[in-house]
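What follows is a single structure, written as structure tokens, with notes after it.
Protein chains: 2
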Amino acid sequence: MERTLIGDLRSKIGQSVTVQGWLQVLRDQKKMQFLVLRDQTGAVQIVVEKAASPDQAALISTCGVESALTITGKVIDNPIVKLGGIEMQLESIEVNNNAAIPLAFEPFNDTLPALDFRMDWRYLELRRPENLLIFKIQTTAEMAMREFWLKNGFIEIHSPKMVGTPSEGGAELFSLDYFGRPAYLAQSPQFYKQMAMAAGFERVFEIGPAFRADPSFTSRHMTEFISIDAEISWIDSHEDVMSMQERLLQYTYQKVKDAHGDEIKARFGIDITVPTLPFPRLTMAEAQQILKERNYSVPADKKGDLDPGGERELGQYIKEKYNHEFVFLKDWPIEVRPFYHMRHADNPKLTKSYDLIAKGLEITTGAQREHRRDILEKQALDKGLNLDILSGYLDYFKFGCPAHGGFGMGLSRLLMVMLGLESVREAVFVFRGPNRLEP
Amino acid sequence: MERTLIGDLRSKIGQSVTVQGWLQVLRDQKKMQFLVLRDQTGAVQIVVEKAASPDQAALISTCGVESALTITGKVIDNPIVKLGGIEMQLESIEVNNNAAIPLAFEPFNDTLPALDFRMDWRYLELRRPENLLIFKIQTTAEMAMREFWLKNGFIEIHSPKMVGTPSEGGAELFSLDYFGRPAYLAQSPQFYKQMAMAAGFERVFEIGPAFRADPSFTSRHMTEFISIDAEISWIDSHEDVMSMQERLLQYTYQKVKDAHGDEIKARFGIDITVPTLPFPRLTMAEAQQILKERNYSVPADKKGDLDPGGERELGQYIKEKYNHEFVFLKDWPIEVRPFYHMRHADNPKLTKSYDLIAKGLEITTGAQREHRRDILEKQALDKGLNLDILSGYLDYFKFGCPAHGGFGMGLSRLLMVMLGLESVREAVFVFRGPNRLEP
Numbered sequence: 001m002e003r004t005l006i007g008d009l010r011s012k013i014g015q016s017v018t019v020q021g022w023l024q025v026l027r028d029q030k031k032m033q034f035l036v037l038r039d040q041t042g043a044v045q046i047v048v049e050k051a052a053s054p055d056q057a058a059l060i061s062t063c064g065v066e067s068a069l070t071i072t073g074k075v076i077d078n079p080i081v082k083l084g085g086i087e088m089q090l091e092s093i094e095v096n097n098n099a100a101i102p103l104a105f106e107p108f109n110d111t112l113p114a115l116d117f118r119m120d121w122r123y124l125e126l127r128r129p130e131n132l133l134i135f136k137i138q139t140t141a142e143m144a145m146r147e148f149w150l151k152n153g154f155i156e157i158h159s160p161k162m163v164g165t166p167s168e169g170g171a172e173l174f175s176l177d178y179f180g181r182p183a184y185l186a187q188s189p190q191f192y193k194q195m196a197m198a199a200g201f202e203r204v205f206e207i208g209p210a211f212r213a214d215p216s217f218t219s220r221h222m223t224e225f226i227s228i229d230a231e232i233s234w235i236d237s238h239e240d241v242m243s244m245q246e247r248l249l250q251y252t253y254q255k256v257k258d259a260h261g262d263e264i265k266a267r268f269g270i271d272i273t274v275p276t277l278p279f280p281r282l283t284m285a286e287a288q289q290i291l292k293e294r295n296y297s298v299p300a301d302k303k304g305d306l307d308p309g310g311e312r313e314l315g316q317y318i319k320e321k322y323n324h325e326f327v328f329l330k331d332w333p334i335e336v337r338p339f340y341h342m343r344h345a346d347n348p349k350l351t352k353s354y355d356l357i358a359k360g361l362e363i364t365t366g367a368q369r370e371h372r373r374d375i376l377e378k379q380a381l382d383k384g385l386n387l388d389i390l391s392g393y394l395d396y397f398k399f400g401c402p403a404h405g406g407f408g409m410g411l412s413r414l415l416m417v418m419l420g421l422e423s424v425r426e427a428v429f430v431f432r433g434p435n436r437l438e439p
Numbered sequence: 440m441e442r443t444l445i446g447d448l449r450s451k452i453g454q455s456v457t458v459q460g461w462l463q464v465l466r467d468q469k470k471m472q473f474l475v476l477r478d479q480t481g482a483v484q485i486v487v488e489k490a491a492s493p494d495q496a497a498l499i500s501t502c503g504v505e506s507a508l509t510i511t512g513k514v515i516d517n518p519i520v521k522l523g524g525i526e527m528q529l530e531s532i533e534v535n536n537n538a539a540i541p542l543a544f545e546p547f548n549d550t551l552p553a554l555d556f557r558m559d560w561r562y563l564e565l566r567r568p569e570n571l572l573i574f575k576i577q578t579t580a581e582m583a584m585r586e587f588w589l590k591n592g593f594i595e596i597h598s599p600k601m602v603g604t605p606s607e608g609g610a611e612l613f614s615l616d617y618f619g620r621p622a623y624l625a626q627s628p629q630f631y632k633q634m635a636m637a638a639g640f641e642r643v644f645e646i647g648p649a650f651r652a653d654p655s656f657t658s659r660h661m662t663e664f665i666s667i668d669a670e671i672s673w674i675d676s677h678e679d680v681m682s683m684q685e686r687l688l689q690y691t692y693q694k695v696k697d698a699h700g701d702e703i704k705a706r707f708g709i710d711i712t713v714p715t716l717p718f719p720r721l722t723m724a725e726a727q728q729i730l731k732e733r734n735y736s737v738p739a740d741k742k743g744d745l746d747p748g749g750e751r752e753l754g755q756y757i758k759e760k761y762n763h764e765f766v767f768l769k770d771w772p773i774e775v776r777p778f779y780h781m782r783h784a785d786n787p788k789l790t791k792s793y794d795l796i797a798k799g800l801e802i803t804t805g806a807q808r809e810h811r812r813d814i815l816e817k818q819a820l821d822k823g824l825n826l827d828i829l830s831g832y833l834d835y836f837k838f839g840c841p842a843h844g845g846f847g848m849g850l851s852r853l854l855m856v857m858l859g860l861e862s863v864r865e866a867v868f869v870f871r872g873p874n875r876l877e878p
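Residue numbers (the working numbering), protein chains in the order written: chain A, 1 to 439; chain B, 440 to 878.
What follows is the structure, encoded as structure tokens:
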């Protein structure tokens with residue numbers, strides 16, 4: 001049995017072919033049945049004369065909407081049919097898997113139950129073409145990034161997710177029992193990317209899971225997310241990291257636009273704009289000044305930092321002033337950055353770090369790392385950290401670690417911004433939050 | 440400052456250039472210093488006249504071997520120099536990161552400390568070019584697989600690694616506290632790949648971590664490993680899965696051979712053989728008969744199954760008979776396969792499943808899955824499983840799940856076999872075993 005994709009039926013007029021997909025509509029009339037079968041390439045109407053095929057018609061009557069079917073029939077050119085001016089006349093049908101009646105919810109209804117309920121039946125939710133499209137775009141975007149990196153001599157790494165020390169700060173860590181001793185789930189591949197720099201790998205990337213025991217319920221947070229990470233050696237400053245990331249994103253947006261631009265416009269009403277280079281850059285001092293001028297007050301507990309409202313306001317400013325969707329906010333104060341961010345030689349109160357804001361949402365933190373062991377130890381002590389816990393990490397800087405830096409970017413946040421989705425929950429295959437471990 | 444790669448120095452004779460890398464050798468003589476600097480593209484000798492540069496010479500004398508250095512100097516054609524007939528005359532040097540003396544171990548010594556000690560200092564171990572090469576090959580191999588999949592319409596997924604139910608059997612699970620309730624680390628993306636089939640994704644792949652709380656200390660086992668997974672819908676049998684996997688591997692081996700064949704030969708003494716299609720196939724019944732004829736006895740506790748010795752013996756048989764490195768062993772008895780493997784319609788004692796043996800080592804388990812909910816439930820009960828725990832999984836088969844199947848393959852095992860490595864520990868960036876959570 002050779003399968004024909006529904007999108008290819010136009011070239012099969014007059015032939016008997018087999019299609020496979022999901023029963024999207026069943027109109028069961030007195031003398032006739034009209035089925036609409038859907039696969040990834042489209043939908044087609046299938047016509048059944050009950051008198052001519054009584055057994056098959058009886059079988060079809062038992063099928064719930066969304067049943068998985070294999071249908072063989074003759075392809076007919078019929079201009080009055082709305083679905084592409086084509087229909088199929090049933091010859092035979094196989095019910096691969098019947099859908100129980102009623103469905104948990106009807107994925108193609110105009111009104112849908114609440115997102116949380118739909119997440120219980122995520123696979124039904126994912127049958128909507130716009131949801132499938134999100135993951136086709138994700139596939140294209142990830143492949144584009146890897147192409148960019150391979151063209152630029154990067155090595156792919158997979159760092160361990162079970163780690164022995166709570167070294168990256170200790171908050172929001174999931175812990176587990178590891179053969180009688182504690183282990184933790186990695187919050188990021190940060191330290192292992194740096195180990196790769198100490199190993200002389202020079203340029204690495206990783207796309208993999210990261211874990212945060214963060215009890216947040218916002219539209220931006222997940223307890224498990226896919227982190228896009230890169231790290232490069234022999235840099236002069238965080239400017240080298242920003243330069244790599246903006247070229248990466250330009251390359252990725254171009255590939256997504258080429259492959260899916262029209263469908264994104266049709267399904268999400270969004271024009272994908274390939275960003276121009278360089279992205280606008282603001283120092284945090286400039287950003288704070290701009291917010292002040294625009295009468296935006298960062299909450300008192302976020303002094304020196306930014307809150308989501310401030311990020312949105314700066315995104316708006318950049319859109320108005322530069323007609324750009326991205327902005328690098330750089331040179332953050334040491335108080336709001338981790339100990340391993342390098343400090344400016346001429347201003348030890350500022351780090352050589354940045355965030356990337358896309359359409360007003362933070363999607364990246366990046367920095368040059370401090371690779372000089374003595375200074376790194378001092379900065380850790382300044383932050384009140386325990387050098388014993390950090391000793392494994394500090395050892396990376398003992399035997400010739402070059403200057404380096406990198407960034408981490410949330411994959412689902414990137415998709416959320418790119419496609420204008422309301423919540424990161426729509427941009428992830430299976431969501432994990434404080435109250436959600438299923439499916 | 441523009442960096443010149445050491446491999447490009449031949450085109451820079453007579454020019455002053457800057458190179459960056461690691462100090463592999465330092466010969467500190469009375470009047471002269473000779474340095475060998477290494478980057479990923481090669482090594483070069485740098486000559487220092489002490490009298491001409493007394494301050495720089497004094498600085499160099501403090502450098503430990505494996506220090507990270509930036510060196511500017513004039514490139515000289517000198518046929519008597521062993522390293523490519525080139526040397527550089529020092530003009531300036533920057534010590535990016537000095538290496539403490541002595542090193543934890545000398546990575547370029549002929550004799551090395553035990554592997555377990557070297558793993559404590561994994562980054563030094565990884566500085567050896569043959570180890571870097573393993574991860575360049577891994578990068579090429581993964582990219583080749585993704586290219587193959589994208590050419591064939593697959594969607595990339597990232598399934599959650601924290602899961603709410605111990606549904607895949609329950610043994611060897613790591614558990615953790617998830618906001619006051621138990622969670623588990625996924626042993627494989629198996630159930631989520633199947634959810635993607637129920638979602639109509641049709642063809643998916645994932646390369647990501649999997650976790651096994653397995654107290655084994657063999658050369659093949661890890662508690663955390665990278666699993667290469669694919670799943671396809673609308674199949675007729677496990678033959679469709681094998682067919683996809685053998686084409687994937689042929690494509691991957693060809694790409695690895697094209698990119699690294701000569702270097703693999705030079706560093707590992709291995710000729711990469713691109714496998715011919717189709718791979719040999721044996722039913723388990725045939726395999727057991729062959730073992731019997733070759734006087735190999737599978738241990739009594741492995742009845743119906745295979746032990747590592749049996750796998751090696753069958754690998755040897757296939758090499759002798761077909762001059763092939765791969766063999767699919769198919770149609771395993773239901774006793775040694777999980778409940779979700781589909782059974783043969785004409786022989787309910789046998790599953791539509793397979794293992795892939797490569798050079799005598801099992802690297803894959805694959806199967807057609809049972810997608811008919813009533814039969815799946817019955818098979819779960821036959822295995823003594825609790826349907827309540829499985830209810831989330833069983834729900835995937837309620838509303839139209841097509842016939843499907845797939846495989847999982849260990850990335851490090853594949854590299855181990857491809858490169859003839861003695862242990863999977865050499866093929867993984869950072870190893871995790873029962874006694875090893877660091878680095």
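Think of the CB as a built atom: it goes at the ideal place given N, C-alpha and C, for glycine as much as any other residue.
Query raised in the report: Are ILE290/A and LEU329/A closer than 8 angstroms when you measure CB to CB?
Result: no
Requested in this report: Starting from the C-beta of GLN250/A, find all residues in its chain whose C-beta is less than 7 angstroms away, skip the five residues before and the five after it, and write them out in chain order.
Outcome: VAL274, PRO275, LEU277
Report task. Could you list the residues in the region 817-848 of chain B with a C-beta less than 9 angstroms from some C-beta on chain A, going in chain order? Result -> GLY831, TYR832, ASP834, TYR835, PHE836, LYS837, PHE838, GLY839, CYS840, PRO841, ALA842
Query raised in the report: So what does ILE646/B bridge to, in DSSP terms?
Result: ILE667/B
**Report entry** Cβ separation of VAL514/B and GLY453/B, assumed to be a contact under 8 angstroms, to the nearest whole Å
**Finding:** 7 angstroms
Report task. For SER233/A, name the three-state secondary structure that DSSP assigns. Result -> strand
Query raised in the report: Residues of chain A with a CB under 7 angstroms from the CB of TRP673/B: which are they?
Result: ARG3, GLN20
**Report entry** Residue from GLU2/A, VAL25/A, GLN29/A, LYS30/A with nearest C-alpha to VAL17/A
**Finding:** GLU2/A
Report task. Please report how far the alpha carbon of MET88/A lies from the alpha carbon of TRP771/B, in whole angstroms. Result -> 41 angstroms
Report task. Quick one: give me the first and last residue of the alpha helix (DSSP H) that MET409/A is part of. Result -> Where MET409/A is concerned, there is no enclosing alpha helix (DSSP H), although the beta strand (DSSP E) it sits in stretches over 404-410.
Query raised in the report: In this structure, does DSSP put LYS760/B in helix, strand or coil?
Result: helix
Report task. Note down, in chain order, every chain B residue with its Cβ under 8 angstroms from the Cβ of VAL163/A. Result -> LEU876
Query raised in the report: Is there at least one Cβ from chain A nearer than 8 angstroms to SER506/B's Cβ?
Result: yes
**Report entry** Sequence-distant residues of its chain with Cβ nearer than 7 angstroms to GLY433/A (five each side left out)
**Finding:** PHE217, MET222, THR223
**Report entry** Three-state secondary structure assigned by DSSP to ILE264/A
**Finding:** helix
Query - Contact set between SER766/B and chain A, taken where Cβ atoms lie within less than 7 angstroms - result: Note that residue 766/B corresponds to Val in the displayed sequence, not to Ser. Within chain A, no residue comes near VAL766/B; the closest Cβ sits about 28 angstroms away, beyond 7 angstroms.
Query - Chain-ordered neighbours of VAL869/B on chain A, where CB pairs are closer than 7 angstroms - result: SER159, PRO160, TYR192
Query raised in the report: Going along chain B in order, which residues have a C-beta closer than 8 angstroms to the C-beta of LYS136/A?
Result: ILE594
Query raised in the report: Would the region 482-501 of chain B and the region 387-401 of chain A be scored as touching if the rule is three or more Cβ pairs under 8 angstroms?
Result: no
Report task. Quick one: grab the DSSP three-state call for ILE519/B. Result -> coil
Report task. Within the same chain, show all residues whose beta-carbon is closer than 8 angstroms to that of PRO599/B, passing over the 5 residues directly before and after it, in chain order. Result -> ALA625, TYR631
**Report entry** Per-residue burial, GLN29/A [other beta carbons within 10 Å of its own, 16 or more giving buried]
**Finding:** exposed
Query raised in the report: In the region 615-641 of chain B, which residues sit with their C-beta less than 8 angstroms from some C-beta in chain A, listed in chain order?
Result: LEU615, ASP616, TYR617, PHE618, ARG620, ALA622, LEU624, TYR631, MET634, ALA635, ALA637, ALA638, GLY639, PHE640, GLU641
Requested in this report: Within the region 461-526 of chain B, note down every full beta strand (DSSP E) run reaching 3 residues or more, in order along the chain.
Outcome: 471-478, 481-488, 507-516
**Report entry** Euclidean distance between Cα positions of LYS798/B and ARG751/B
**Finding:** 7 angstroms
Requested in this report: Starting from the beta carbon of ALA538/B, find every residue of chain A whose beta carbon is closer than 8 angstroms, and list them in chain order.
Outcome: LYS398, PHE399, GLY400
Query raised in the report: In or out: ALA287/A buried (at least 16 other Cβ within 10 Å) or exposed?
Result: buried
Query raised in the report: Since ASN96/A meets chain B, which of its residues come closer than 7 angstroms, beta carbon to beta carbon?
Result: PRO841, ALA842
Query - Bridge-paired residues (DSSP) for GLN89/A - result: VAL47/A, LYS74/A
Query raised in the report: When the cut-off is 8 angstroms and only beta carbons count, does PHE613/B lie next to chain A?
Result: yes
Query - chain B contacts from the region 23-49 of chain A (Cβ-Cβ distance under 7 angstroms) - result: GLN40
Query raised in the report: Considering only the beta carbon of each residue, do VAL483/B and LEU522/B sit closer than 8 angstroms?
Result: yes
Query raised in the report: DSSP three-state call for PHE767/B: helix, strand or coil?
Result: strand
Requested in this report: Pull up the distance between the alpha-carbon of ALA52/A and that of ILE711/B, whole angstroms please.
Outcome: 60 angstroms
Query raised in the report: Counting Cβ pairs, one atom from each stretch, are 3 or more of them under 8 angstroms apart for the region 797-813 of chain B and the region 674-688 of chain B?
Result: yes
Query - Beta-carbon proximity check, ALA68/A vs ASN109/A, cutoff 8 angstroms - result: no
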